[in-house]
Amino acid sequence: MNNFFTSLANKAHDFFFPTFDQAELTPLQIRATTLAFYSIIISSIVAAPINIYRDFVAGNMVIVVATTLYLVLILLGFTLILFKRSLDLVRLCFVMAVISLMVGLIVDFGGTRGFGFFYFLAGYSVFYYVIGFKGAILIPVLFFGGFLIRSRFGGLNPLSVLNDPEARTSFLIVSGVASVLGVFSVLYQHIVVGSLYKAAYVDELTGLPNRRKVEQVLAQKLQKSQTHGSGFSVMGIKLTHFSRINSCQGSRFADEILARVGARLGELCGRDDFVARYSGTVFLIITDSTELAELVKAGNKALASARESIVLDGQAIALEAGLTITRFPNDCQDLETLLSNIQTGFARMREQHGMVSFYDEERHHAEMERYSMIEELRQAIPRGEFSLVYQPKLRLDDGMMSGAELLIRWKNARFGNVPPSVFIPLAEESGLILDISRWVVLTGFAAIQSVQAAGAKTVHAINLSPKDLSDPGFVVFLKELLVACPINTSQVEFEITEGVLIDGNPVTQQTLDFIREAGFRLALDDFGTGYSSLSYLHQLRADNLKIDRGFIMQLSESNPNPPVVDAIISLAMSLGLDITAEGVETAFQQTYLSARGCTFGQGYLYAMPLSQDEYVLLLKGNGRLRE
Ligand code: C2E
Ligand code: CA
Ligand code: CA
Numbered sequence: 178m179n180n181f182f183t184s185l186a187n188k189a190h191d192f193f194f195p196t197f198d199q200a201e202l203t204p205l206q207i208r209a210t211t212l213a214f215y216s217i218i219i220s221s222i223v224a225a226p227i228n229i230y231r232d233f234v235a236g237n238m239v240i241v242v243a244t245t246l247y248l249v250l251i252l253l254g255f256t257l258i259l260f261k262r263s264l265d266l267v268r269l270c271f272v273m274a275v276i277s278l279m280v281g282l283i284v285d286f287g288g289t290r291g292f293g294f295f296y297f298l299a300g301y302s303v304f305y306y307v308i309g310f311k312g313a314i315l316i317p318v319l320f321f322g323g324f325l326i327r328s329r330f331g332g333l334n335p336l337s338v339l340n341d342p343e344a345r346t347s348f349l350i351v352s353g354v355a356s357v358l359g360v361f362s363v364l365y366q367h368i369v370v371g372s373l374y375k376a377a378y379v380d381e382l383t384g385l386p387n388r389r390k391v392e393q394v395l396a397q398k399l400q401k402s403q404t405h406g407s408g409f410s411v412m413g414i415k416l417t418h419f420s421r422i423n424s425c426q427g428s429r430f431a432d433e434i435l436a437r438v439g440a441r442l443g444e445l446c447g448r449d450d451f452v453a454r455y456s457g458t459v460f461l462i463i464t465d466s467t468e469l470a471e472l473v474k475a476g477n478k479a480l481a482s483a484r485e486s487i488v489l490d491g492q493a494i495a496l497e498a499g500l501t502i503t504r505f506p507n508d509c510q511d512l513e514t515l516l517s518n519i520q521t522g523f524a525r526m527r528e529q530h531g532m533v534s535f536y537d538e539e540r541h542h543a544e545m546e547r548y549s550m551i552e553e554l555r556q557a558i559p560r561g562e563f564s565l566v567y568q569p570k571l572r573l574d575d576g577m578m579s580g581a582e583l584l585i586r587w588k589n590a591r592f593g594n595v596p597p598s599v600f601i602p603l604a605e606e607s608g609l610i611l612d613i614s615r616w617v618v619l620t621g622f623a624a625i626q627s628v629q630a631a632g633a634k635t636v637h638a639i640n641l642s643p644k645d646l647s648d649p650g651f652v653v654f655l656k657e658l659l660v661a662c663p664i665n666t667s668q669v670e671f672e673i674t675e676g677v678l679i680d681g682n683p684v685t686q687q688t689l690d691f692i693r694e695a696g697f698r699l700a701l702d703d704f705g706t707g708y709s710s711l712s713y714l715h716q717l718r719a720d721n722l723k724i725d726r727g728f729i730m731q732l733s734e735s736n737p738n739p740p741v742v743d744a745i746i747s748l749a750m751s752l753g754l755d756i757t758a759e760g761v762e763t764a765f766q767q768t769y770l771s772a773r774g775c776t777f778g779q780g781y782l783y784a785m786p787l788s789q790d791e792y793v794l795l796l797k798g799n800g801r802l803r804e
């Protein structure tokens, strides 16, 4: 209920206190002029009909017509302000209203009342900005000039007080003084208020509105959008690498460039758009459009204009700029977020160089989460947040456990249990994977050593990332580790993906060579999902080929003969490789795979990834996973 009244009050305030984007006024002036404006409207509505009636009775038809026209135009202007909010149309109405009254008064030479126009001279100078500066200066001049010329001709209304020559002279003197005062009042307001406005809201260098004005306009826009449900967009244009110009050519030069870019952007934008210099090298354009295609078009135009090189003192200066767009209410709900979105957009510009980039809230959040996750990941090893689990593999022909794949787990205070499918890619991107892999290999080797010492003959698989293989330090690390923690390498299998050879990095090849020379086994993980190429397959000389879970998943009673699985199995067989099916979940899949001659199976059908204790317990039993 409370909300309802607040929104109603907001709407009413918005309706009766319109703000014009074009008007260069301080908020106080807007309020004062709006009040003055209402008083003129109300007094006109009260006084004009009475005057019309009196002049009609007296037979002053010129004044009757002029005053009626004045009243109609004033009311029209008032309606336009409330419903159209166009300062141009309102200005036209008021100028015409004033002129019609002026013409009437001059023709009638003061009318029956003679001094009727004084009230009006005093009033209009208050809201001169509605009429416009030139109009406000011209009106008293024309008024007085009109009276002066008129006084040369006779034929006054017989009822007019001005038939008396003395009264006429004093009338001319008074109206002359009033006109001069009117001109001064307007000039004074224009100069004083204008310079106050400039000092507060105009950027000295470019002549564009400054940051303070931007914030004021944005606040108005936000309020308007919230009450009317409309939207708008803000484009931020930033000149990049500008410090280079500042340091090489000097600040005077740099200032001149900023001024020119500001002028270019100002010219480019339509009257309905608002262009401002927000800070040092940042310009903002506020536009009512929220249409993506339209914004991209306008954005590209603005960007092209900002980037156009500038010739100064015979030197051509190349400019670099980026642009980011934020839409309201699509990307933000308040002023603060809107401005911070622009900053984020600029930060992202470095990645998407030279493109119009959109600020997009979801993406922003995802990115922030990503950054903080990487930060947490950095601490994971010292904080001891990683652990290893063991997922058993079994020989399909006799159901005996043949070994296990070591899988990493991350338990973090802030993010909880994060699956490796989420953090491994982040680790690869940030380079943290090298440390993480070493932790896995080190911890894995220690565990393998203890189970081997207990007499287990199983093969343990460890996943490596392509980054590990292309890291020259990895071989050194492995060599040292083998000295410190000697194990039977033939019972350790490194799982790598097919893509490792794609970039032709010689280090990768050397690492693979070392792994084989040292006697480790090599498995091709996720086979069939990547760049399956026979030549790579050959070059890698793997021992084991792991059919990706995705293919095994397709195997079901309703799809008993998926061609790809058969093709992979016969390919591996022809190359003499072991075959491991990943993700075996159903008895049907198991029967099918074992009938085709698939060597090993791994999946929830047999066991979930187990803790080390559970795994050792299983090893100590008969190691049979299937009856
Ligand atoms: P991957 O190497 O293909 O590992 C097998 C994934 O499939 C594991 O997920 C495992 O828990 C899951 N899985 C096994 N059997 C089944 C099943 O029957 N059904 C289903 N739905 N899933 C099954 P996990 O542990 O989440 O690992 C995901 C991926 O993360 C791994 O895929 C691997 O690429 C990567 N990863 C895990 N640990 C390490 C590591 O220590 N180092 C590196 N570099 N990558 C790792
Ligand atoms: Ca794997
Ligand atoms: Ca896999």
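Residue numbers (the working numbering): 178 to 804.
All C-beta atoms, glycine included, are put in the ideal place defined by N, C-alpha and C.
Taking Arg-801 as reference, the option from Gly-676, Thr-635 and Val-391 with the minimal CA-CA separation is Thr-635. Here Asn-682 carries a coil assignment [DSSP, helix/strand/coil].
In this structure, Glu-734 has its beta carbon at no less than 7 Å from each heavy atom of ligand 2. With 7 Å as the limit, the residues whose C-beta approaches a heavy atom of ligand 2 more closely than that are Glu-582, Ala-638, Asn-640, Glu-672, Asp-702 and Lys-723, in chain order. Looking at the backbone, the Cα of Tyr-215 and that of Leu-515 are separated by about 35 Å. Following the DSSP letters along the chain, one finds Val-669 inside the beta strand (DSSP E) bounded by residues 669-674.
Listed in chain order, the non-local C-beta contacts of Leu-266 below 6 Å within the same chain comprise Leu-257, local neighbours out to five positions each way being set aside.
In this structure, the CA atom of Phe-451 is about 14 Å from the CA atom of Thr-383. For the stretch 535-592, the full-length alpha helix (DSSP H) segments reaching 4 residues or more read 538-557 along the chain. Met-412 carries a strand assignment under DSSP once its states are collapsed to helix, strand and coil.
Taking C-beta separations shorter than 8 Å and ignoring five residues to either side along the sequence, the partners of Pro-386 in its chain run Tyr-378, Val-379, Asp-380, Val-394, Phe-451, Val-452, Ala-453 and Arg-454, following chain order. The beta-carbon distance between Val-761 and Gly-774, rounded to whole angstroms, is 15 Å. This is too long to meet the 8 Å contact definition.
Glu-562 is the residue among Arg-693, Gly-608, Glu-562 and Phe-505 whose C-alpha sits nearest the C-alpha of Gly-593. Note that the stretch 726-743 does not touch the stretch 784-803; fewer than 3 beta-carbon pairs, one per stretch, sit closer than 8 Å. Annotation for Leu-584 indicates a beta carbon within 7 Å of some heavy atom of ligand 1. DSSP, read as helix, strand or coil, puts Gln-492 in strand. Between ligand 3 and the CB of Asp-725, the shortest heavy atom gap is smaller than 7 Å. Note on the stretch 697-762: whole beta strand (DSSP E) runs with a minimum of 3 residues are 698-704, 721-724 and 755-759, in chain order. Annotated three-state conformation of Ile-664 is coil, per DSSP. By a beta-carbon distance limit of 8 Å, Ile-745 contacts Gly-705. Their separation comes to about 6 Å. Beyond the five residues adjoining it in sequence on each side, Arg-591 comes within less than 7 Å, by CB distance, of Glu-553 in the same chain, given in chain order.
By the criterion of at least three beta-carbon pairs nearer than 8 Å, the stretch 546-560 is not in contact with the stretch 518-527. Proximity of the beta carbon of Val-761 to ligand 1 is indicated: a heavy atom of the ligand is located closer than 7 Å.
Relative to ligand 1, even the nearest heavy atom lies 7 Å or more away from the CB of Gln-789. Secondary structure at His-418: coil, using DSSP grouped into helix, strand and coil.
Taking C-beta atoms as the reference points, Ser-486 and Leu-496 count as a pair closer than 8 Å. Around the beta carbon of Asn-187, fewer than 16 other beta carbons lie within 10 angstroms, which makes this residue exposed. At least 8 Å separates the beta-carbon of Ile-664 from that of Phe-691.
Gly-281 is positioned such that its CB atom lies no closer than 8 Å to that of Val-223. Per DSSP, the beta-bridge partners of Ala-638 are Glu-582 and Glu-670. Residue Leu-565 holds the alpha-carbon nearest to the alpha-carbon of Trp-616 among Thr-183, Leu-748, Val-275 and Leu-565. Relative to the non-hydrogen atoms of ligand 1, the Cβ of Gln-568 comes within a distance shorter than 7 Å of at least one. Contact between Leu-611 and Leu-658 does not hold, since their C-beta atoms are separated by about 14 Å, which reaches or exceeds 8 Å. Unbroken alpha helix (DSSP H) stretches of 4 residues or longer found wholly inside the stretch 594-629: 597-607, given in chain order. Within the same chain, Ile-218 come within 7 Å of Phe-255 by CB-CB distance, once the 5 residues on both sides are set aside. Taking the Cα positions, Asp-285 is about 20 Å away from Val-354.
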